[in-house]
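I have placed the structure first, in the form of structure tokens, so that the comments after it can refer back to it.
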Amino acid sequence: MNTLTADGFATGTWMQPTELQAHTYEERHGLMPALTAAVSLCGAWIVERKTLSPTAVEIRIEIQLRMIVELYAALLSAGIEFGRDGHQALADLCTCRKHMELDRAGLVTIRMELAFLDDVTLHSLLMSGTSVA
């Protein structure tokens, strides 16, 4: 719940959740423990993890805005890849952090859908006789 301070700033979770679409070529059973550790090390919390399909999960993360740069770096170094919109959303949060007073930054919620992709190479496509649409 958001509350306003006397000077008009919101406290608590003050923004709508940031929606991210991401993918990785890492193995699911190896990435999830590493991702959990990386998120914890930068001061964030995984508040919900939901399996959407055998190849996709949804993760809800809460973090103080002042630590968003560290989270962004941790996600990338764990092997998570974002499209243009994902990078833009995280860059916007980093910019927001830069211009806010750190003691008023509050919490940010991130909802990330993460797809686990197989590493498809030209050689594997030729050997299987299938094509990519």
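The letter at position 113 of the sequence shown is residue 113 when you use full-length UniProt numbering, and the numbering goes up by one with no holes.
Backbone N, C-alpha and C fix where the C-beta goes; we use that ideal spot for every residue, glycine too.
All values derive from a computational prediction rather than experimental measurement.
Closer than 6 Å by C-beta to residue i: which residues in its own chain qualify, once you throw out the five before and the five after it? Chain order, please.
i	result
Ala-6	Below a pLDDT of 50, predicted positions are generally treated as unreliable, and Ala-6, at 44, falls in that range; no measurement from the model is reported.
Leu-117	His-23, Tyr-25
Phe-82	Ala-22
Just to confirm my understanding: we take residue i, look at its own chain, exclude 5 residues before and 5 after, and list those with CB closer than 8 Å. What are they?
i	result
Val-69	Cys-94, Arg-97
Ala-38	Ala-74, Leu-75, Ser-77, Ala-78
Whole angstroms is fine: what's the gap from residue i's alpha carbon to residue j's?
i	j	result
Ile-63	Ala-44	4 Å
Leu-31	Cys-42	17 Å
Ile-110	Arg-66	14 Å
Pro-17	Ala-73	19 Å
His-29	Thr-55	11 Å
Have a look at the DSSP bridge pairing and note the partners of residue i.
i	result
Ile-110	Thr-18, Ile-61
Ala-89	Answer is none; Ala-89 lacks a bridge partner.
Ala-115	His-23, Ala-56
Which same chain residues end up closer than 7 Å to residue i when comparing Cβ atoms and leaving out the 5 residues on each side of it in sequence?
i	result
Ile-80	Ala-22, Thr-24, Leu-114
### Task
Inspect the CB distances between the segment 45–53 and the segment 74–90 and report whether three or more fall short of 8 Å.
The segment 74–90 and the segment 45–53 do not touch, with fewer than three beta-carbon pairs separated by less than 8 Å.
### Query
At which residue ranges does the segment 6–72 contain complete alpha helix (DSSP H) runs of 4 or more residues, listed in the order of the chain?
Counting only unbroken stretches of 4 or more residues, the alpha helix (DSSP H) elements lying wholly within the segment 6–72 are 28–41, in sequence order.
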